[in-house]
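In this note's numbering, each residue's number is its place in the sequence shown (first place is 1) plus 8. We treat Cβ as the ideally placed atom computed from N, Cα and C, and that holds for glycine. Presented below is the structure to which this report refers.
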Amino acid sequence: MKKIWKHPEEPQNAKRYWRSVAELDRREDFLKNLGREFPEGDTLNEEERENSRREFLKIMGASVGMMGLASCRRPLVNILPYTQHVEWMVPGKSLLYATSMPQGGGSVPMVVTTHEGRPTHLSPNPLHPVGGGVGAFAQASVLDLYDPERSQKPMGAGKELTWAKANDLLAIAIAEAKKSAGADLGIVMGASSSPTYLRLLGEVKAAFPQIKLFQ
């Protein structure tokens, strides 16, 4: 049985503190509303108060649930047909690819689930000899693609550039680098064992023999 708490009685010889002149003078209007900070709830018994709390929690829970569902809704966009249909791609249906991710000096085999060309989930590849699982770093890598802080446009000197302006500046930089065979050019990159990555890096070295690479 729930115990109803009662405020302890004030000792007769205790010091009296007052918050207003009305309380000091013990005015009738003050005494009438004394102890009724919330007049509507003051007339409710304990059972009615418990029910009102439950109703409040129900309403708040339903509101939070509705907000959560609304946040998961995809934005409304115009539907445009493919000028050239992409093979095996059906809007709204997932498409799986068997691939691997360079990691830790090797590679991790995995199956990538995609929707309209965008990866949404990584899972182990049970058909691969070492496809036992997918680590936390690999799982978290999907979030990098949807990071709101990720660069959305080309940047130059700390300012946003148009793609046309960025292409022009890149063409000028490449032309200047070719004159010195890349002696004044450097690339900061991470370590990778990807064959495609190494092939592209070899093409860059062939075009700029004196380029400096920093890993």
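| Query | Result |
| --- | --- |
| At least 3 beta-carbon pairs within less than 8 Å: the stretch 113-122 vs the stretch 84-95 | no |
| Buried versus exposed, by CB contacts within 10 Å (16 or more), M118 | buried |
| Beta strand (DSSP E) segment containing K173, residue limits | That residue, K173, is in no beta strand (DSSP E); its alpha helix (DSSP H) goes 171-187. |
| Under 9 Å between C-beta atoms of V120 and L130 | yes |
| Collapsed DSSP secondary structure at S149 in the structure displayed | helix |
| G73, DSSP secondary structure in three states | helix |
| C-alpha gap between G194 and L153, whole angstroms | 26 Å |
| DSSP three-state assignment for T204, whether helix, strand or coil | helix |
| Buried versus exposed, by CB contacts within 10 Å (16 or more), N86 | exposed |
| Beta carbon of F222 nearer than 9 Å to that of V196 | yes |
| Alpha carbon of T204 to alpha carbon of A144, nearest angstrom | 24 Å |
| G210 (DSSP reduced to helix, strand or coil) | helix |
| Same chain only: Cβ atoms within 7 Å of H123, ignoring 5 sequence neighbours per side | S102 |
| Candidates A174, N21, R126, V142: closest to L104 by CA position | R126 |
| H129 - partner residues in DSSP beta bridges | T121 |
| Under the three-state DSSP convention, the category F216 falls into | coil |
| Enclosing alpha helix (DSSP H) for V29 [first to last residue] | 29-33 |
| Beta-carbon proximity check, G190 vs K220, cutoff 9 Å | yes |
| Buried or exposed (CB count within 10 angstroms, at least 16 for buried), N21 | exposed |
| Beta-carbon proximity list for T107, same chain, < 7 Å, skipping 5 on both sides | M118, V120 |
| Cβ-Cβ separation, L169 to K161 (assumed contact under 8 Å), whole Å | 7 Å |
| For K213 and S202, the rounded distance between their alpha carbons | 16 Å |
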